Amino acid sequence: MTSKEIILGSIRRNRPAPGELPCLNESWTKFVDPRKKFIEVLESVGGKAIVARDQNDLAKQIESLPQIADAQTVASLVSGFGSRNIDVAAMDSPHGLSHVDVAILPGEFGVAENAAVWVTDRQVPLRVLYFLCQHLTLVIPAASIVDHMHAAYDRLIAHDRFGHDTATSRHFGVFIAGPSKTADIEQSLVIGAHGPRSLTVCLVEQC
Amino acid sequence: MTTNTTDHPTAAARFIANSDRMHWHDKAIWAARTRRDNASRSVPEWETLRELASRIKQHTMSRLDEYLEQFEANATRLGAQVHWARDAAEHNAIVAGILQQRGAKHVVKSKSMLTEECGLNPHLEQLGIEITDTDLGEWIVQLRHEHPSHIVTPAIHIMKEEVGQLFHEQLGTAAGATDPQYLVEAARKHLREKFLAAEVGITGVNFAVAETGGFVVCTNEGNADLGVSLPKVHIACMGIEKLIPRLTDLGVFLRLLARSATGQPITTYSSHFHGPRPGGELHIVLVDNRRSELLGSSDFQRTLKCIRCGACFNTCPVYRRSGGHSYGVTVGGPIGSIINAAREPKLHKSLPFASSLCGSCSDVCPVKIDLHQQLFVSRRHLASLGLVPKGKRFGITLAAAVFSRPRLYRLVGRLTRFGLRVLPRSLVYNRWNIWGRQRDLPPAPKYSFHELNRQRQRKDDAYK
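Protein chains in written order, with this note's numbering: chain A, 1 to 207; chain B, 1001 to 1464.
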């Protein structure tokens, strides 16, 4: 017998009494102004929000971020904003991205209750960029913010059948909420553990 | 497995010998409990979420074999390789096999209590493979050749001065530096090199989704993602109880996990892996290690609902004041006391007694495990196996004899109240009075409740 057969056999012998799988259609708390809630929570977890009217305004505001001014290397996969000293599209190894100071990357949508932004490797083939850069800037449509995680998963499944369709589901996706952090030394919060030292989320009103 | 034969009271006595440290530890952990309270109160539907989470897990357990097969089929369809391990030894052999086949010498690992439980690190080190724990807390305990004392904050028992000294000796940071910001920066620089040099990344799994064949890993530091986005090979190790049926179930669990653990609305990174990345390899190791046995125990099967948030640790008055190492197991605290005593009663017979049965653990558990009830049942289980120490057994037998005889009870009560008033302290707090070592009895009242009640009744009768 293989280990699989032994484990499954043991589970079958020991199965507890059946219980029904609950339906999740509850009346979950919504926010009067999800965008305001998103920004509020984002700031509370150490992130920073920018609201831009359109692409031009976005470019102007990103240009004036302090981390951009200091950056040697900027990797951008957002249209209307170019990379600096690096050609991300030509990069075929994640290790080549170890010197990126600022990454400006597209996100798909935001979640108001916890300031999480959903990003995937569909638009960013070398996913390490989200984690390896010193400062991360994510750009999402301002109208894309959903209230809570239940709405987030509904959107993931309805919008692109994430996880449910072989063609599109073989992808990596991550909710990012704030900059990387740790409280492992005496529970004192330090921003910038292994990942980005800062997170700026740009909410664009007219994409 | 990190087991030792020292019992909890003996190990805890060493911890509490340093009163300042005990109070410091108590306070640090209590801060996490306070943050959890604030976070849970900010969600009006908190109780609904707990109830749903509990029922989803209950349902999953009742069909675990079917969901595991569904998960395997879907994960395989996405291009992952699924391995099955009956026990710790098989788990370690599978991981070592994958590493050796690829000639890997440098491995980075994010936090995984399962690999701790299986003793993966010493196994790989014996084979000449360098394995680096990349969660900052876990890396600190690894550098100190210790084990995590808490499942969420592994280095919570270590003071910043000690971390400063450790980093000074091993990383060359400035002598006497204790600023966490500075120390984290040093660790960041050092571990970046490890991430970039690793050939394989190992992670644990927080939730695996049967209907999609994907899984989710939650971290705050970003170490899991760096560890599996640079090397080409990703090995994910998970206990079979990590399964949930649907992608939408994640909405419930991700709302509960971080709020219960640290009081954050969600962890910084909640990464969803569905198949290997282009040109990469993904291995998923499903580990039983006696979990399926626990499934068949009507007394203790509910412990398999646990999502390892650590809330029951943070709230437990015994954990906070005795430290994680006094449990002598990978997962300690209230949940670990039940699991370990159920799995290996002889070895861990003292753990279910490391509780005041106050019930706070059950109140904070995000999946509504009736922890304090199970701790109680666990004691009864140990008694039926004859594993309760003689002194305790004698005391309980004596108490039962007195409590079941009302006249004797009243007589003993009267004698005790009298004795406590007149006997010298040295006689009451003698070496046999274990209970009184750290505690004083309250002053003995003159009359018992029974006597007071009788007096009142007499008075009432007189008024009639």
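C-beta: ideal position from N, C-alpha, C; glycine also. Here the structure is a predicted model, which is why all the values come from computation and not from measurement.
### Query
Around the C-beta of S1298 (chain B), are 16 or more other C-beta atoms found within 10 angstroms, so that it is buried, or is it exposed?
As a working note, residue 1298 (chain B) is residue 298 in the second sequence. So S1298 (chain B) ends up on the exposed side.
### Message
To be precise: take each residue of the region 153-167 of chain A, compare its Cβ to all Cβ atoms of chain B, and keep it if any distance is under 8 Å. Which residues remain?
### Response
Hits within the stretch, in order: Y153, D154, L156, I157, F162, G163, H164 and T166.
### Neighbour-count burial assignment, E26 (chain A), 16 or more Cβ in a 10 Å radius
Here the question's residue 26 (chain A) lines up with position 26 in the first sequence. Looking at its Cβ environment, which holds fewer than 16 other Cβ atoms inside 10 Å, E26 (chain A) is exposed.
#### Entry: For P106 (chain A), the first and last residue of its enclosing beta strand (DSSP E)
Reading the first sequence from its first residue, position 106 is the one you call residue 106 (chain A). Element bounds for P106 (chain A): V102 to P106.
### Query
Heavy atom of the ligand NAP less than 6 Å from the Cβ of I1235 (chain B), yes or no?
No copy of the ligand NAP appears in this structure; indeed no ligand is present at all.
### Message
Residues of chain B with CB closer than 7 Å to the CB of I145 (chain A), please, in chain order.
### Response
Along the first sequence, read from residue 1 onward, the residue named residue 145 (chain A) stands at position 145. The premise fails here: I145 (chain A) is roughly 14 Å from chain B at the closest Cβ pair, so nothing lies under 7 Å.
### Task
Spell out a yes or no on whether the region 92-109 of chain A and the region 134-149 of chain A are touching, meaning 3 or more CB-CB pairs, one atom from each, closer than 8 Å.
yes
#### Entry: Nearest residue (CA-CA) to S1271 (chain B), options B:P1445, B:A1236 and B:S1042
Taking the first residue of the second sequence as 1, we reach residue 1271 (chain B) at position 271. Measuring from the Cα of S1271 (chain B), the nearest candidate turns out to be B:A1236.
### Message
For L1243 (chain B) and M149 (chain A), which I take to be in contact (beta-carbon distance under 8 Å), what is that distance rounded to the nearest angstrom?
### Response
One-based indexing of the second sequence puts residue 1243 (chain B) at position 243. One-based indexing of the first sequence puts residue 149 (chain A) at position 149. L1243 (chain B) to M149 (chain A), Cβ: 19 Å. No contact.
### Query
Residues of chain B with a CB under 7 Å from the CB of H135 (chain A): which are they?
Here the question's residue 135 (chain A) lines up with position 135 in the first sequence. None at all; the shortest Cβ gap to chain B is about 13 Å.
#### Entry: Cβ-based neighbour list, L1398 (chain B), same chain, cut-off 8 Å, excluding 5 preceding and 5 following
Taking the second sequence and counting its residues from 1, one reaches residue 1398 (chain B) at position 398. No residues qualify anywhere along the chain.
### Task
For the region 12-27 of chain A, enumerate the residues whose C-beta is nearer than 7 Å to any C-beta of chain B, in chain order.
R12, R13, N14, R15, P16, A17, P18, G19, E20, L21, P22, L24 and E26
### Query
Quick one: does E1066 (chain B) have its CB under 7 Å from some CB of chain A?
Stepping through the second sequence from its first residue, residue 1066 (chain B) is reached at position 66. Not one chain A Cβ lies under 7 Å of E1066 (chain B).
### Query
Should Q1264 (chain B) be labelled buried (16 or more other beta-carbon atoms within 10 Å of its own) or exposed?
On the second sequence, residue 1264 (chain B) is found 264 positions in, with the first residue counted as 1. Flag for Q1264 (chain B) reads buried.
### Task
Can you grab the Cα-Cα spacing for the pair R15 (chain A) / F1215 (chain B), in whole Å?
As a position in the first sequence, residue 15 (chain A) is number 15, starting the count at 1. As a position in the second sequence, residue 1215 (chain B) is number 215, starting the count at 1. Rounded to whole angstroms, the separation of the alpha carbons of F1215 (chain B) and R15 (chain A) is 23 Å.
### Query
Using CA coordinates, which residue listed in B:A1354, B:L1375 and B:S1110 is at the minimum distance from G1201 (chain B)?
Mapped onto the second sequence, residue 1201 (chain B) falls at position 201. Among B:A1354, B:L1375 and B:S1110, the Cα nearest to that of G1201 (chain B) is on B:S1110.
### Query
Whose C-beta lies closer than 7 Å to the C-beta of L1247 (chain B) among residues of the same chain, with five residues either side of it excluded?
Residue numbering aside, residue 1247 (chain B) sits at position 247 when the second sequence is read from its first letter. These residues qualify, in order along the chain: V1209, E1211 and T1212.
### Opposing strand residues paired with P141 (chain A) [DSSP bridges]
Locating residue 141 (chain A) in the first sequence gives position 141, where the first residue counts as 1. According to DSSP, P141 (chain A) bridges with A:V204.
### Message
I want to verify the contact list: residues of chain B whose CB lies under 8 Å from the CB of Q187 (chain A), in sequence order.
### Response
Counted from its first residue, the first sequence places residue 187 (chain A) at position 187. The contacting residues are A1028, A1031, A1032, T1153 and I1156.
### Query
With burial defined as no fewer than 16 other Cβ atoms inside 10 Å of the residue's Cβ, what is the status of D1249 (chain B): buried or exposed?
As a working mapping, residue 1249 (chain B) is identified with position 249 in the second sequence. With 16 or more Cβ atoms within 10 Å of its Cβ, D1249 (chain B) is classed as buried.
### Task
Buried or exposed for W1435 (chain B), please, with buried defined as at least 16 other CB atoms from any protein chain shown within 10 angstroms of its CB.
On the second sequence, position 435 is the one that residue 1435 (chain B) refers to. Exposed, because fewer than 16 other Cβ atoms sit within 10 Å of the Cβ of W1435 (chain B).
### Query
Between which two residues does the alpha helix (DSSP H) harbouring D1026 (chain B) extend?
Your numbering for residue 1026 (chain B) matches position 26 in the second sequence. Per DSSP, D1026 (chain B) belongs to the alpha helix (DSSP H) from S1019 to R1041.
### Task
Leaving aside the five residues before and after R1291 (chain B) along the sequence, list all residues of the same chain whose C-beta is less than 8 Å from its C-beta, in chain order.
In the second sequence, counting from the first residue as 1, residue 1291 (chain B) sits at position 291. Same-chain partners within the cutoff: G1239, I1240, E1241 and L1304.
### Residues near N85 (chain A) in its chain [Cβ-Cβ closer than 8 Å; skip 5 each side]
On the first sequence, position 85 is the one that residue 85 (chain A) refers to. Apart from the 5 residues on each side of it in sequence, N85 (chain A) sits with its Cβ closer than 8 Å to the Cβ of Q72, T73 and V74 in its chain, given in chain order.
### Query
Do P1345 (chain B) and L1411 (chain B) have their C-beta atoms closer together than 7 Å?
For this step, residue 1345 (chain B) is matched to residue 345 along the second sequence. For this step, residue 1411 (chain B) is matched to residue 411 along the second sequence. Result no, Cβ atoms of P1345 (chain B) and L1411 (chain B) do not sit closer than 7 Å.
### Query
Three or more beta-carbon pairs under 8 Å between the region 1146-1165 of chain B and the region 1318-1325 of chain B, yes or no?
yes
### Task
Give the residues of chain A in contact with F1015 (chain B), contact being defined as C-beta atoms less than 7 Å apart.
If you number the second sequence from 1, residue 1015 (chain B) lands on position 15. Neighbours of F1015 (chain B) on chain A: none; closest Cβ ~17 Å, over 7 Å.
### Query
Using a beta-carbon distance below 7 Å, is M1061 (chain B) in contact with chain E?
Structure shown: chain E not included; protein chains present are A and B.
### Query
Under a Cβ-count criterion, where at least 16 other Cβ atoms within 10 Å of its own Cβ denotes burial, should P34 (chain A) be classed as buried or exposed?
In the first sequence, counting from the first residue as 1, residue 34 (chain A) sits at position 34. When all chains shown are included, P34 (chain A) counts as buried.
### Task
Report yes if the CB atom of A177 (chain A) is closer than 7 Å to the CB atom of A116 (chain A), and no otherwise.
Counting from one through the first sequence, the residue named residue 177 (chain A) turns up at place 177. Counting from one through the first sequence, the residue named residue 116 (chain A) turns up at place 116. Yes, the Cβ-Cβ distance between A177 (chain A) and A116 (chain A) is below 7 Å.
### Message
I'd like to check one pair, V102 (chain A) with Q67 (chain A): are the Cβ atoms closer than 7 Å?
### Response
Residue mapping note: residue 67 (chain A) aligns to position 67 of the first sequence, counting from 1. Residue mapping note: residue 102 (chain A) aligns to position 102 of the first sequence, counting from 1. Taking 7 Å as the Cβ cut-off, Q67 (chain A) and V102 (chain A) qualify as a contacting pair.
### Task
Give the straight-line distance between the Cα atoms of Y1269 (chain B) and S1404 (chain B), rounded to the nearest whole angstrom.
Here residue 1269 (chain B) is taken as the residue at index 269 of the second sequence, counted from 1. Here residue 1404 (chain B) is taken as the residue at index 404 of the second sequence, counted from 1. Each residue's Cα considered, the two are about 57 Å apart.
#### Entry: Proximal chain A residues relative to P1443 (chain B), where beta-carbon distance stays under 8 Å
In the second sequence, counting from the first residue as 1, residue 1443 (chain B) sits at position 443. Near P1443 (chain B) there are no residues of chain A at all, since even the closest Cβ is about 39 Å away, more than 8 Å.
### Task
For chain A, find out if any of its Cβ atoms is closer than 7 Å to the Cβ of Q1301 (chain B); answer yes or no.
Numbered from 1 along the second sequence, position 301 holds the residue referred to as residue 1301 (chain B). Yes, because at least one Cβ of chain A sits closer than 7 Å to the Cβ of Q1301 (chain B).
### Query
Does the Cβ of R1343 (chain B) have 16 or more other Cβ atoms within 10 Å, making it buried, or fewer, making it exposed?
The residue you call residue 1343 (chain B) lines up with position 343 of the second sequence. R1343 (chain B) should be labelled buried.
### Buried versus exposed, by CB contacts within 10 Å (16 or more), T2 (chain A)
By one-based count along the first sequence, residue 2 (chain A) stands at place 2. Exposed: under 16 other Cβ atoms inside 10 Å.
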